[in-house]
Amino acid sequence: MDVLLFLVPIALALGTLGLAAFFWTLRAGQYDDLDGAAARVLLDDDSPEAAP
Amino acid sequence: MSLAYLPGASFDDAPGPRSVCGFVESEGATRRLHLLVEGAHCAACIGAIEGRLTADPCVTGARLNLALRRLSVEWQGEARHADALAGAVEALGYKVAPFDPAHLAQLDADTGREWLRALAISAFASSNVMMLSLAVWAGQAQDMAPGTQALFQWLAALVTVPAVALAGRPFFRSALRAVRAGHSNIDVPIALSLLLTVLISLIELARQGRDVYFDSATALLFVLLVGRTLDFRVRARSRSAVERLLMLKAHGAAVCRQDGTVEVLPAEAIRAGMVVLVRAGERVPVDGTVIEGKTELDVAIVTGESLPQAVAPGARVLAGSVALTGPLRLRASAGVEDSHLADIARLVERAERTRGPGVVLADRVARVWTPVIHGVALATLCGWWLFTESGLAVALLHAVSVLIIACPCAIGLAVPAVQVVATGALLKRGILLRAGDALERLARIDLVAFDKTGTLTSGAPRITLWPEDTEAIHLAAALAAASSHPVARALHAAHPDAKPLHDCEEVPGEGLRAPFAGGEIRLGRAAFCGLAPANAPESEVWLARPGHPPARFVFEDTPRPEAARVAAAFADAGLPMAILSGDRPEAVARLAEAVGIGEWQGDLRPRDKLARLEAWRRQERRVLMVGDGLNDAPALAAAHVSASFTHGAPASQSAADIVLPSGDLAALPQAWRAARRARAIIVQNLVLAALYNIALIPVAVLGLVTPLGAAIAMAASSLTVTLNALRAGAPAEGRL
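Respectively, the protein sequence lines represent chains A and B.
Sequential numbering of the first sequence, starting at 1, is according to this note's numbering.
Sequential numbering of the second sequence, starting at 1001, is according to this note's numbering.
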């Protein structure tokens, strides 16, 4: 069962990594405009085909 | 209404009262402007607005926040380019207003982020601690080495302690504030339960005991935070919609300087003696005396009088009225602080002070619940310590397990879960809740008081009696096509095919005239048409033309089509109703009869309405006040619960607890039904939570609770309460 000594801390560390990533997205303002984010995915100005 | 930023208009002209130049922020050569955009809903709107702005060579960035309807635009160059940019957006068909942070009750964005951060921490903690706890529980059934069990428990403690300290802060803060103020709220048992659970688990861990409840503590935190975060988000949406409304209506005043230049000032900056310009269709920003110009003045929102008044030089006008037919030049008689508007604001303040803060249902339950549970826990402690041989440590453990099992989780979730569902459903219908406990208060009303003009009536006159001569009707409609006076508009709307006459002239305050075969035809007041004014109770206009007898039109501010049905709906439910109006008593009496409301009063000034509401309060009646005018604002603030409309005066919206869609009186009984339903479900939820407790507390008192049992009980009770709450969103039966 020695493997638990590695695996459990690794699992916790990975979880903490995910939490840190969430904090980063929160600080970057990614949750400030959820409606806009849902709508913006439909805008395709940036695809080369859309350009006239 | 909006006159500035017409497409193609020259922006070198004197800035209109809605110029946004004053709101530009500068940072070096970069200018930044925040605008509210009303009417943007979809991806196409984002594309159109941002595309139009970035097409401007000066603009370096434009981004529209669809949730807040807030447009941020940055450009290089002059600050006065702002009006051109705002004009460009308005030309696309969106209404814009400068974003003014002064109107925000609180910075919702920061609070929202704090809730999300706490939620994320508790989600991380509860999932990982549950993973560790499940391993321990399984290990207890099979044969995990005690050392491994202890390791897992210590790891769980390592996660739980910082998580509770960080994510539990909102609860601790609220509980501390309540305790300091000498009362109890729902957060007091929650905070106590969190602290005690963590504390006793740490002690048990140190003693290498079995009763470690870290999973319960983190799961409790997570479930409560989900409820609170959702509750906050839906309320913030509702509130920000109301704040947007207020910002869209607030604007400055065009002040004429002595050298003839026109400058736009915020309404607060106006002092007595300044000369203010009001264009046709605009709202008068301050009280004043007319020095030039003649117009019909719409005072419905200020005094409740339904018919426009003619004003001429020398007349006094009140802030909030709308110049309908012509421009005015006013001399401000007072600054904003001592205007009619400020009087109303002071009355509103007084009314709010006398009403005082209400106690929400959840906190009332907590006030009963907390002492009972703490009493049971204390009795458990004494019982085990005094009457058994087990010692203080075990007695303490059993006492704490009573506090843990007493499910503050389900009680803490019972109210927010229902409010999220009910508020969200009302928001979809366009009904905005400003006060957090508006639903609870609305559910318990026992009297409905209506304002008349604009609330029960449509606020626009309609012709109720036509002359028999069809040619006269046709001519009158043709003449009326030239005017924007409400009566003329009503006349023309009834016969839209009538072709406008040539050379039509409007005499403000009198009527319309146009050359006609054999003389002149006139449409207007009796005196204007050369007749003796009749003393009839109705309001009338006359049409005079050469060679024919004059024709008479009677017009009236007619009730909204749904008014009678709304009154009937409340009457069927056994709720008495009353009308409180500032209009003439005859008009109020006729309306009261038409919609079937027995009790009415006319000719009421704002302070009379307030006095009426305060009298009802002393009789301990819970009154729902509905009104849209500035004159209703004090009464709205004094009522048990109050509703205004999106078309109403800004002062009435900020005084009301609920804002209904523009002109939609039928939303009122719907909101009332939804509130009653929500309250019924909240009560059910509290009973359900109490039942879990009644079943489980004896088990805890006897010391038979295990961490696994506590976890199962909490999950089951929270799920029951949440599933029951989902019913609050069901569409109210019997659409009105």
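Think of the CB as a built atom: it goes at the ideal place given N, C-alpha and C, for glycine as much as any other residue.
Remember, it's a predicted structure, so these values are computed and weren't measured experimentally.
Subject >> Rounded Cβ spacing between residue 1035/B and residue 1079/B (contact assumed at less than 8 angstroms) >> reply: As a working note, residue 1035/B is residue 35 in the second sequence. As a working note, residue 1079/B is residue 79 in the second sequence. Contact doesn't hold; Cβ gap of about 14 angstroms is too wide.
**OP:** Enumerate in chain order the residues of its own chain whose CB-to-CB distance from residue 1025/B is below 6 angstroms, with the five nearest sequence positions on each side excluded.
**Re:** Reading the second sequence from its first residue, position 25 is the one you call residue 1025/B. Hits under 6 angstroms: 1032.
Subject >> Reduced DSSP category for residue 1518/B - H, G, I as helix; E, B as strand; rest coil >> reply: Taking the first residue of the second sequence as 1, we reach residue 1518/B at position 518. Coil, per DSSP.
**OP:** Kindly say whether residue 6/A, judged by its beta-carbon, lies nearer than 8 angstroms to any beta-carbon of chain B.
**Re:** If you number the first sequence from 1, residue 6/A lands on position 6. No, residue 6/A does not count as interfacial toward chain B.
Original post:
What did DSSP end up calling residue 1542/B once you bin it into helix, strand or coil?
Top reply: The residue given as residue 1542/B occupies position 542 in the second sequence. Correct three-state label for residue 1542/B: strand.
Subject >> Neighbourhood of residue 1672/B by C-beta, 7 angstroms cutoff - its chain only, sequence neighbours within 5 removed >> reply: In the second sequence, the residue the question calls residue 1672/B occupies position 672. Here the set comprises 1442.
**OP:** Can you tell me which of 1121/B, 1291/B, 1352/B and 1196/B puts its alpha carbon nearest to the alpha carbon of residue 1223/B?
**Re:** Counting from 1 along the second sequence, the entry for residue 1223/B is found at position 223. Comparing Cα-Cα distances from residue 1223/B to each of 1121/B, 1291/B, 1352/B and 1196/B, the minimum goes to 1121/B.
Subject >> Span of the beta strand (DSSP E), counted from its first residue to its last, around residue 1440/B >> reply: Locating residue 1440/B in the second sequence gives position 440, counting from the first residue. Run containing residue 1440/B: none in the beta strand (DSSP E); it sits in the alpha helix (DSSP H), 1438-1442.
Original post:
Which chain B residues sit within Cβ distance under 7 angstroms of residue 39/A?
Top reply: Looking up residue 39/A in the first sequence gives position 39. Near residue 39/A (Cβ distances below 7 angstroms), the residues of chain B are 1042, 1043, 1046 and 1066.
Original post:
How would you label residue 1028/B, buried or exposed, when you count the other beta carbons within 10 angstroms and need 16 or more for buried?
Top reply: What you label residue 1028/B is simply residue 28 of the second sequence in a count that begins at 1. Counting Cβ neighbours within 10 Å, residue 1028/B comes out exposed, since fewer than 16 surround it.
Subject >> Segments of 3+ residues assigned as beta strand (DSSP E) that fall wholly inside the stretch 3-47 of chain A >> reply: none
Original post:
When DSSP labels each residue in this structure, what does residue 1369/B get in the three-state scheme?
Top reply: Counted from its first residue, the second sequence places residue 1369/B at position 369. Helix at residue 1369/B.
Original post:
Out of curiosity, what's the CA-to-CA distance linking residue 1759/B and residue 1682/B?
Top reply: No statement about residue 1759/B is possible, as the shown extent of chain B runs from 1001 to 1736 and does not include it.
**OP:** Would you decide whether residue 1658/B is buried or exposed? Buried here means 16 or more other CB atoms lie within 10 Å of its CB.
**Re:** As a first step, residue 1658/B is located in the second sequence; it is residue number 658 there, counting from the start. Classification for residue 1658/B: buried.
Subject >> Limits of the alpha helix (DSSP H) - the one that residue 1172/B falls within >> reply: Here residue 1172/B corresponds to residue number 172 of the second sequence, with the count starting at 1. Segment 1169-1180, the alpha helix (DSSP H) holding residue 1172/B.
**OP:** In angstroms with no decimal places, state the Cα-to-Cα distance between residue 1735/B and residue 1038/B.
**Re:** In the second sequence, counting from the first residue as 1, residue 1735/B sits at position 735. In the second sequence, counting from the first residue as 1, residue 1038/B sits at position 38. In this prediction, residue 1735/B has a pLDDT of 44, which is less than 50 and means its spatial position is unreliable; nothing more can be read from the coordinates.
Original post:
Any chance the stretch 1492-1503 of chain B sits against the stretch 1525-1532 of chain B, with 3 or more Cβ pairs inside 8 angstroms?
Top reply: no
Original post:
Which of the three DSSP states, helix, strand or coil, is assigned to residue 1004/B?
Top reply: Here residue 1004/B refers to the residue found at position 4 when the second sequence is read from its first residue. Here the model assigns residue 1004/B a pLDDT of 38, short of 50, so the residue's position is not dependable and the matter cannot be decided.
Original post:
Nearest to residue 1113/B by CA position, among 18/A, 22/A, 5/A and 8/A, is which residue?
Top reply: Here residue 1113/B refers to the residue found at position 113 when the second sequence is read from its first residue. Closest option to residue 1113/B, Cα to Cα, is 22/A.
**OP:** Let me know if residue 1045/B comes out buried or exposed under the rule of 16 or more other beta-carbons within 10 Å of its beta-carbon.
**Re:** Sequence index remark: in the second sequence, residue 1045/B carries index 45 (1-based). Burial call: buried.
**OP:** Please decide whether residue 19/A counts as near chain B, where near means a Cβ-Cβ distance under 8 angstroms.
**Re:** Working through the first sequence from its first residue, we reach residue 19/A at position 19. So, interface residue.
**OP:** Could you tell me whether the Cβ atoms of residue 1306/B and residue 1459/B are closer together than 8 angstroms?
**Re:** Reading the second sequence from its first residue, position 306 is the one you call residue 1306/B. Reading the second sequence from its first residue, position 459 is the one you call residue 1459/B. Taking 8 angstroms as the Cβ cut-off, residue 1306/B and residue 1459/B qualify as a contacting pair.
**OP:** Report yes or no: is there a C-beta of chain A within less than 8 angstroms of the C-beta of residue 1214/B?
**Re:** The residue you call residue 1214/B lines up with position 214 of the second sequence. No, its Cβ sits nowhere closer than 8 angstroms to a Cβ of chain A.
Original post:
Can you tell which of 1566/B, 1063/B and 1098/B has its C-alpha closest to the C-alpha of residue 1023/B?
Top reply: As a first step, residue 1023/B is located in the second sequence; it is residue number 23 there, counting from the start. Minimum Cα distance to residue 1023/B is reached at 1098/B.
Original post:
Which residues of chain B have a Cβ atom closer than 9 angstroms to the Cβ of residue 32/A, listed in chain order?
Top reply: Against the first sequence, residue 32/A aligns to sequence position 32. 1065, 1067, 1068, 1109, 1112 and 1113, listed in chain order.
Original post:
residue 1737/B and residue 1625/B: beta carbons closer than 8 angstroms?
Top reply: With chain B running from 1001 to 1736 in the structure shown, residue 1737/B is simply not present.
**OP:** Taking C-beta pairs closer than 7 angstroms, name the residues in chain A that residue 1722/B reaches, listed in chain order.
**Re:** Counted from its first residue, the second sequence places residue 1722/B at position 722. Going along chain A, no residue has its Cβ under 7 angstroms from residue 1722/B, so there is no contact; the nearest lies around 22 angstroms.
Original post:
Can you name the residues that DSSP bridges to residue 1034/B?
Top reply: Position 34 of the second sequence, counted from the first residue, corresponds to residue 1034/B. Residue 1034/B pairs with 1072/B.
Original post:
Count the other CB atoms within 10 Å of the CB of residue 1229/B; is the residue buried (16 or more) or exposed (fewer)?
Top reply: The sequence position of residue 1229/B within the second sequence is 229, counting from 1. Label assigned to residue 1229/B: buried.
Original post:
Are any of the Cβ atoms in chain A nearer than 8 angstroms to that of residue 1232/B?
Top reply: If you number the second sequence from 1, residue 1232/B lands on position 232. No, residue 1232/B does not count as interfacial toward chain A.
Original post:
Starting from residue 1144/B and walking both ways along the alpha helix (DSSP H), at which residues does that stretch end?
Top reply: In the second sequence, counting from the first residue as 1, residue 1144/B sits at position 144. Note, residue 1144/B: premise wrong, no alpha helix (DSSP H); not H, not E.
Original post:
Buried or exposed: which applies to residue 1434/B, given that a residue is buried once 16 or more other Cβ atoms fall within 10 Å of its Cβ?
Top reply: The residue labelled residue 1434/B in the question sits at position 434 within the second sequence. Residue 1434/B comes out buried.
**OP:** Give a yes or no on whether 8 angstroms exceeds the smallest Cβ distance from residue 1395/B to chain A.
**Re:** Reading the second sequence from its first residue, position 395 is the one you call residue 1395/B. Not closer than 8 angstroms to any Cβ of chain A, the Cβ of residue 1395/B fails to qualify, so no.
Subject >> Spatially closest choice to residue 1218/B from 1119/B, 1183/B and 1148/B, by CA coordinates >> reply: The residue given as residue 1218/B occupies position 218 in the second sequence. It is 1119/B whose Cα lies nearest to the Cα of residue 1218/B.
Original post:
Are at least three pairs of beta-carbons, each pair with one atom in the stretch 1047-1067 of chain B and one in the stretch 31-44 of chain A, less than 8 angstroms apart?
Top reply: yes
Subject >> The alpha helix (DSSP H) enclosing residue 1197/B, as first and last residue numbers >> reply: Working through the second sequence from its first residue, we reach residue 1197/B at position 197. Its alpha helix (DSSP H) spans residues 1187-1206.
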